[in-house]
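Notes follow the structure.
Chains as they are written, first to last, in the numbering used here: chain A, 619 to 1121; chain B, 26 to 287.
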């Protein structure tokens, strides 16, 4: 370990540090620590600004997967700019753009400095009226027969808005640039001053298809700050809900992927089977997306014996249907021909971009927060990591199927040995002047939340990093050299969140 | 091929018999239309209103829940010391007028009325809708999508979600309408040939939901476009959305009229 990196403070995911004890580094040491750590394989899980008179302090959170811990450093900026580290460390490219947009600080030397969300700045005068989403200086390829295709923000399917700009030569895509921000609702700004009665609803709807994932990450932050430990029963139920969310989403994605190549049996069966898994969550809490299920201190609902039996029985039925529907897909040569070799993201690119979740594992990156930084029930009940290697649409689809099988086993085992005791405990008050970090492996990948509390125990800054924040760049990369007609297939193979990115 | 056929047999026929038959089973813990018994309120108690994250509950002149703001999180019912506010199982929540979404004890359920005769002649047998997500969290979008699966099979009612506003008779809007989607929603609405309808699905699209009064959003669709049908929920159950659409087209009117008489 270099001298610079050794100055970073260490903590576990789901833990806190007192803010006065956070390392306050000179820029040169801060930058050296970041570059040194990422060169040794640590990942940047959060890198953001927070106001500190007279300017801004930058906070860096790195994940050391092998050491199962996190490293934190900070540096105070005095001017209106800072040197960009993107040229040496591409995985910070969007974080730096975000810092520029939120705090008006210019990362000097950033190769790609464009808006992230077209959001009003979190500090200083608002120039919002001057910014029109989707109006940026798009990368352009010039030349004979080169043409440009613009898609969105309103798409043909029932999906969220975003703008995609393709530079094409005939059917082939030279370059895809993605411009988002249409979904920006001001969640991080609104969480300031919390926790309050609306806080959890912001997280449940930050990416509404990841209600359990973001809800759990939020609860782990609050519990860490309040020195509260949810009981085993509540933790188990959260784990079950997290895996049910994964089962539903992965089953739906496999159906949608089949639909995009015109293989209708799997498409229509899986569309329904997704609903069967969502309905299991609804049996637990009344809502198909798990709203109100996870709450600080445990869960808002409990299971009795008859419900456990009902869930087990319906899980088996849904899983059997899922197996029959999904196996058809692998046996269809025409579907596999479309999946294999399409939208490939090589392992080294996936690592450089800091990819997360099934997309990272499909490219052979062995990372999964449930194993590497376990919290809650995952500390006691392990789930094997599913890996692919080809990094194409096939690998992203197949990793999902492997994860479906492992999640089903996990839920089955946990229901069969459902812990006794209470499902929820009282949560005390949040400690002032602390930093808390949580990592939760949602179905799209690792969700990172970071909270800074002020001297009154209120959120001074709440940072949310959805896995989509990292993974959208991979979709853009995957399209290079592909046919534009394969865009829907490539897009669905990532199935990223627009609102989780835009916040 | 044999495997395909075997899978086909295993998967079976899954399309609901509803509305010809009974509606599908809802989960036991489903939170539908609130049930108010304001007489049961303790003097001066305001626990429910204090617990509500979106200010959906008012106590003056009488206990009232605005379903347009309600997230159906159940915090109010949990906070109520006397059981004067609970959530029932009635999934029929959609309304034609924004004011009809405010539930009081004396007038509990006001089902959505059908379009007028002329509009029903136009849309009753074929309604094409374009969906616009304007800050939606993919909850409402997913539940709208579900209506096109084999279980719900929206096509059997002549209703279809189409790819372009130019092909559509109206819009389904989800999300609180972010400032960054305001122009796109407006343009999409203008691209639909008149006469046209707008359906606002979910608490966000009706009132802003959790994003109520955020400067980054516009408190729902009717700040930007006129709305013909409001479907409450966070997100609404697919059955609630289907019920609203069918009522709008007058396909459940007779049943509704019967219930109103009861």
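Cβ coordinates follow ideal geometry from the N, Cα and C atoms, glycine included.
Since the structure is predicted, the reported quantities are computational estimates derived from the model, not experimental observations.
Open item on the list: Buried or exposed for residue 1018(A), going by 16 or more other Cβ atoms inside 10 Å?
Closed with: Here residue 1018(A) is taken as the residue at index 400 of the first chain, counted from 1. It is buried - the Cβ of residue 1018(A) has at least 16 other Cβ atoms within 10 Å.
Task: C-alpha distance - residue 87(B) paired with residue 118(B), whole-angstrom precision - done: Mapped onto the second chain, residue 87(B) falls at position 62. Mapped onto the second chain, residue 118(B) falls at position 93. Each residue's Cα considered, the two are about 20 Å apart.
- [ ] Could you work out which residue in 1077(A), 676(A) and 723(A) is closest to residue 644(A) when comparing CA atoms only?
- [x] Residue mapping note: residue 644(A) aligns to position 26 of the first chain, counting from 1. For residue 644(A), the nearest C-alpha among the options comes from 676(A).
TODO: Identify the contact partners of residue 903(A) in chain B, using a Cβ-Cβ distance below 8 Å as the criterion.
DONE: Reading the first chain from its first residue, position 285 is the one you call residue 903(A). Chain B residues near residue 903(A): 54.
Task: CB of residue 196(B) within 8 Å of CB of residue 48(B), strictly - done: On the second chain, position 171 is the one that residue 196(B) refers to. On the second chain, position 23 is the one that residue 48(B) refers to. No, Cβ-Cβ distance for residue 196(B) and residue 48(B) is not below 8 Å.
- [ ] Consider the Cβ of residue 28(B): report whether some Cβ of chain A lies at a distance smaller than 8 Å.
- [x] Start at 1 with the first residue of the second chain, and residue 28(B) comes out as number 3. Answer yes: the Cβ-Cβ gap between residue 28(B) and chain A drops below 8 Å somewhere.
Task: Cβ of residue 1117(A) within 8 Å of any chain B Cβ - done: Mapped onto the first chain, residue 1117(A) falls at position 499. Closer than 8 Å: yes.
Open item on the list: If you measure between the beta carbons of residue 1043(A) and residue 846(A), is that distance less than 8 Å?
Closed with: By 1-based counting over the first chain, the position of residue 1043(A) is 425. By 1-based counting over the first chain, the position of residue 846(A) is 228. Contact flag set, yes.
Open item on the list: With a threshold of 8 Å between beta carbons, is residue 778(A) in contact with chain B?
Closed with: Locating residue 778(A) in the first chain gives position 160, where the first residue counts as 1. Output row for residue 778(A): interface = yes.
Open item on the list: Just to confirm my understanding: we take residue 826(A), look at its own chain, exclude 5 residues before and 5 after, and list those with CB closer than 8 Å. What are they?
Closed with: Residue 826(A) sits at position 208 when you count from the first residue of the first chain. Only 907 and 1117 meet the Cβ criterion.
- [ ] Could you give the DSSP three-state label for residue 1106(A): helix, strand or coil?
- [x] As a first step, residue 1106(A) is located in the first chain; it is residue number 488 there, counting from the start. The answer is helix: DSSP assigns residue 1106(A) an H, G or I state.
Task: DSSP state of residue 5(B) mapped onto helix, strand, coil - done: The shown model of chain B, from 26 to 287, leaves out residue 5(B), and the question about it has no answer.
TODO: Using a Cβ-Cβ cut-off of 8 Å, state whether residue 1027(A) counts as contacting chain B.
DONE: The residue you call residue 1027(A) lines up with position 409 of the first chain. It does not: the Cβ of residue 1027(A) has no partner Cβ on chain B nearer than 8 Å.
Task: Nearest candidate by alpha-carbon position, reference residue 900(A), set 267(B), 273(B), 261(B) and 274(B) - done: As a working mapping, residue 900(A) is identified with position 282 in the first chain. Of the candidates 267(B), 273(B), 261(B) and 274(B), the one whose C-alpha sits nearest the C-alpha of residue 900(A) is 261(B).
Open item on the list: So with CB distances below 8 Å, who are the chain A contacts of residue 201(B)?
Closed with: As a first step, residue 201(B) must be located in the second chain, where it is residue number 176. 803, listed in chain order.
- [ ] In angstroms with no decimal places, state the Cα-to-Cα distance between residue 696(A) and residue 661(A).
- [x] For the purposes of this step, residue 696(A) is taken as residue 78 along the first chain, with counting starting at 1. For the purposes of this step, residue 661(A) is taken as residue 43 along the first chain, with counting starting at 1. Each residue's Cα considered, the two are about 26 Å apart.
Task: Own chain, CB closer than 6 Å to residue 861(A), minus 5 neighbours either side, in chain order - done: As a working mapping, residue 861(A) is identified with position 243 in the first chain. Closer than 6 Å at the Cβ level, and outside the excluded window around residue 861(A), lie 1025, 1028 and 1029.
TODO: With a threshold of 16 other CB atoms inside 10 Å of the CB of residue 757(A), please say whether the residue is buried or exposed.
DONE: Walking along the first chain from the start, residue 757(A) turns up at place 139. Answer is exposed; the Cβ neighbour count stays below 16.
- [ ] At 7 Å on the CB atoms, spell out the chain A contacts of residue 171(B), in chain order.
- [x] The residue you call residue 171(B) lines up with position 146 of the second chain. What residue 171(B) touches in chain A: 893.
Task: Neighbour flag for residue 808(A) against chain B, beta carbons, 8 Å - done: Sequence index remark: in the first chain, residue 808(A) carries index 190 (1-based). Interface residue, yes.
Open item on the list: Only counting the same chain, and skipping five residues up and downstream in sequence, which positions put a Cβ closer than 8 Å to that of residue 739(A)?
Closed with: For the purposes of this step, residue 739(A) is taken as residue 121 along the first chain, with counting starting at 1. 719, 720, 721, 722 and 745, listed in sequence order.
- [ ] Return helix, strand or coil for residue 162(B), following the three-state DSSP convention.
- [x] The residue given as residue 162(B) occupies position 137 in the second chain. Correct three-state label for residue 162(B): coil.
TODO: In the DSSP assignment, find the unbroken alpha helix (DSSP H) run with residue 957(A) in it and report its ends.
DONE: Counting from one through the first chain, the residue named residue 957(A) turns up at place 339. 951–957 is the span of the alpha helix (DSSP H), which, as asked, contains residue 957(A).
Open item on the list: Taking a contact to mean a Cβ-Cβ separation below 8 Å, would you say residue 108(B) touches residue 58(B) in this structure?
Closed with: In the second chain, counting from the first residue as 1, residue 108(B) sits at position 83. In the second chain, counting from the first residue as 1, residue 58(B) sits at position 33. No, they are not a contact pair.
- [ ] Please confirm if the stretch 977–991 of chain A is in contact with the stretch 950–961 of chain A, defined as three or more CB-CB distances below 8 Å between the two stretches.
- [x] no
- [ ] Anything in chain A within Cβ reach of residue 166(B), meaning under 7 Å, just list it in chain order.
- [x] Indexing the second chain from 1 puts residue 166(B) at position 141. What residue 166(B) touches in chain A: 776, 777 and 778.
Open item on the list: On the criterion of 16 or more Cβ atoms from any shown chain inside 10 Å, does residue 851(A) qualify as buried, or is it exposed?
Closed with: As a working note, residue 851(A) is residue 233 in the first chain. With 16 or more other Cβ atoms within 10 Å, it is buried.
Open item on the list: I want to verify the contact list: residues of chain B whose CB lies under 7 Å from the CB of residue 890(A), in sequence order.
Closed with: Residue numbering aside, residue 890(A) sits at position 272 when the first chain is read from its first letter. Simply 39, 174, 175 and 176.
Open item on the list: Considering only their Cβ atoms, is the gap separating residue 225(B) from residue 187(B) smaller than 8 Å?
Closed with: Mapped onto the second chain, residue 187(B) falls at position 162. Mapped onto the second chain, residue 225(B) falls at position 200. No, the pair does not count as a contact, with Cβ atoms beyond the cut-off.
Open item on the list: Between which residues of its own chain and residue 1075(A) is the CB-CB distance below 7 Å, once the five residues before and five after are set aside?
Closed with: Looking up residue 1075(A) in the first chain gives position 457. Only 1047, 1048, 1049 and 1050 meet the Cβ criterion.
TODO: Indicate whether residue 647(A) and residue 694(A) have their beta-carbon atoms separated by less than 8 Å.
DONE: Counting from one through the first chain, the residue named residue 647(A) turns up at place 29. Counting from one through the first chain, the residue named residue 694(A) turns up at place 76. No. Outside cutoff.
- [ ] Identify the contact partners of residue 157(B) in chain A, using a Cβ-Cβ distance below 7 Å as the criterion.
- [x] The residue given as residue 157(B) occupies position 132 in the second chain. Here the neighbours are 772.
Open item on the list: Is there a Cβ of chain B sitting closer than 8 Å to that of residue 800(A), yes or no?
Closed with: For the purposes of this step, residue 800(A) is taken as residue 182 along the first chain, with counting starting at 1. True, the Cβ-Cβ gap to chain B drops below 8 Å.
Open item on the list: Closer than 7 Å between beta carbons: that is the criterion. Which residues of the stretch 808–823 of chain A meet it against chain B?
Closed with: 808, 815, 816, 819, 820 and 823
Open item on the list: Could you check whether the stretch 199–212 of chain B touches the stretch 230–237 of chain B, counting it as contact only if at least three pairs of C-beta atoms, one from each stretch, sit closer than 8 Å?
Closed with: yes
Task: Alpha-carbon to alpha-carbon, residue 1032(A) and residue 628(A) - done: To locate residue 628(A), count along the first chain from 1; it is residue 10. To locate residue 1032(A), count along the first chain from 1; it is residue 414. So the alpha carbons of these two residues sit roughly 32 Å apart.
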